[in-house]
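Under the numbering used here, the first residue of the sequence shown is numbered 4, with each subsequent residue one higher.
A virtual CB, placed ideally from N, CA and C, is assigned to each residue, including glycine.
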Amino acid sequence: MMMFVVISVMRPRVIVNCAMSPDGKIAGTDRRQLRISSLEDMDRVRRMRSGCQAILVGAGTILADDPHLSVKGMPYESQPLRVVLDPRGKVPETSLVLDQRARTLMVTNEECVRQYPGAETARLGKGKIDLPALLRLLEERGVSTLLVEGGGETIFSFFQAGMVDLYSVYVGDYIIGGREAPSPVDGDGFRPGEHVPLRLVSVERLGGGVHLTYEVVKDG
Ligand SMILES: NC(=O)c1ccc[n+]([C@@H]2O[C@H](COP(=O)([O-])OP(=O)(O)OC[C@H]3O[C@@H](n4cnc5c(N)ncnc54)[C@H](OP(=O)(O)O)[C@@H]3O)[C@@H](O)[C@H]2O)c1
Numbered sequence: 004m005m006m007f008v009v010i011s012v013m014r015p016r017v018i019v020n021c022a023m024s025p026d027g028k029i030a031g032t033d034r035r036q037l038r039i040s041s042l043e044d045m046d047r048v049r050r051m052r053s054g055c056q057a058i059l060v061g062a063g064t065i066l067a068d069d070p071h072l073s074v075k076g077m078p079y080e081s082q083p084l085r086v087v088l089d090p091r092g093k094v095p096e097t098s099l100v101l102d103q104r105a106r107t108l109m110v111t112n113e114e115c116v117r118q119y120p121g122a123e124t125a126r127l128g129k130g131k132i133d134l135p136a137l138l139r140l141l142e143e144r145g146v147s148t149l150l151v152e153g154g155g156e157t158i159f160s161f162f163q164a165g166m167v168d169l170y171s172v173y174v175g176d177y178i179i180g181g182r183e184a185p186s187p188v189d190g191d192g193f194r195p196g197e198h199v200p201l202r203l204v205s206v207e208r209l210g211g212g213v214h215l216t217y218e219v220v221k222d223g
């Protein structure tokens with residue numbers, strides 16, 4: 004009789020967190036950052052960031068919003084690692100994510116030769132970034148929880164790779180509108196039969212909006 008041994012590869016737990024309008028937009032049609040979170044939600048996000056060892060966004064978010072991706076009031080040594088998916092090296096040297104508030108890991112593809120001042124670079128994958136390889140690298144660095152904060156293309160690529168464990172979304176209190184406005188999960192979308200099943204685990208009113216947490220339902 005043949006015996007199969009299933010080896011489960013450890014990887015960090017992946018939490019996606021974002022804020023959207025009640026009509027499902029994370030920014031306006033100009034893709035500029037909008038304040039969707041209430042003060043109460045901003046406090047929740049600060050606590051959530053503090054509990055993670057790494058925070059990740061895509062190059063599009065850096066170009067649109069220029070975030071620090073750091074936790075206010077936290078010393079340098081305790082700050083989560085900032086991780087940016089920049090396959091083709093588009094992120095400017097002056098971006099705030101490259102400042103000295105926290106460590107930064109820039110992730111490019113193998114073809115890219117770009118260097119970033121003051122940041123470490125990992126080159127993973129041909130064309131697209133190899134997300135399983137990135138998670139293995141983060142695991143080796145002691146990251147047990149990775150927070151993916153956007154934008155829609157990046158969140159889609161994590162869902163597509165089957166690597167999201169928890170989906171946390173704050174739904175604000177005004178309509179943004181616009182067919183070109185980004186949503187939490189953009190990319191090419193999923194075809195019928197490929198949709199990602201979720202299980203609602205909590206609902207919390209925070210200021211004028213509501214925070215929803217879903218677990219991703221895995222096969223088996
Ligand atoms: N409300 C919120 O919570 C929130 C949070 C964050 C962002 N946002 C908004 O989201 C918008 C930006 O979203 P976005 O979808 O345009 O940008 P994004 O997801 O931040 O970045 C997309 C880029 O990241 C790279 N990328 C992502 N996944 C990759 C993978 N698996 N392999 C290789 N490269 C990968 C690609 O870079 P290349 O193009 O170089 O290939 C891709 O074009 C902005 O409007 C921002 O304000 C809102």
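Its chain contains L209, G210, G211, G212 as the residues whose beta carbon lies nearer than 7 Å to that of S41, once the 5 sequence neighbours on both sides are disregarded; these appear in chain order. Within 8 Å of the C-beta of T97 there is not a single heavy atom belonging to ligand 1.
With 6 Å as the limit between CB and the heavy atoms of ligand 1, the residues that fall short of it are C21, A22, I29, A30, R34, Q36, I39, V60, G61, A62, G63, T64, A67, D68, L88, P90, R91, K93, K131, I132, L134, E152, G153, G154, G155, E156, T157, S160, P185, D189. Residue burial is scored here from C-beta neighbours: I39 has at least 16 other C-beta atoms within 10 angstroms and is therefore classed as buried.
Residue pairing by DSSP places M45 in no beta bridge whatsoever. In the structure shown, A67 adopts helical secondary structure according to DSSP, grouped into three states. Bounds of any alpha helix (DSSP H) do not take in A125; it lies within the beta strand (DSSP E) bounded by 123 to 126.
As summarised for the stretch 50 to 111, the continuous alpha helix (DSSP H) elements at least 4 residues long and confined to that stretch are 62 to 68, given in chain order. As summarised for the stretch 136 to 212, the continuous alpha helix (DSSP H) elements at least 4 residues long and confined to that stretch are 155 to 163, given in chain order.
Excluding five sequence positions before and after K28, the CB atoms of its chain that fall closer than 8 Å to its own CB belong to I179, G180, G181, A184, P185, S186, given in chain order. The beta carbons of V19 and V167 sit about 5 Å from each other, so the pair counts as a contact at 8 Å. Note on S160: 16 or more other CB atoms within 10 angstroms of its CB, so buried under the neighbour-count rule. Here the C-alpha atom of L150 lies approximately 21 Å from the C-alpha atom of R34. At the C-beta level, I132 and L88 come within 9 Å of one another. Residue pairing by DSSP places V219 opposite L201 in a beta bridge.
When C-beta atoms of the stretch 92 to 102 are compared with those of the stretch 115 to 129, three or more pairs fall below 8 Å, so the two segments count as touching.
According to the DSSP assignment, I18 belongs to the beta strand (DSSP E) that extends over 16 to 23. Non-local beta-carbon contacts of V17 in its own chain, meaning distances under 7 Å to residues more than five positions away in sequence, involve L149, V151, F161, M166, V167, D168 in chain order.
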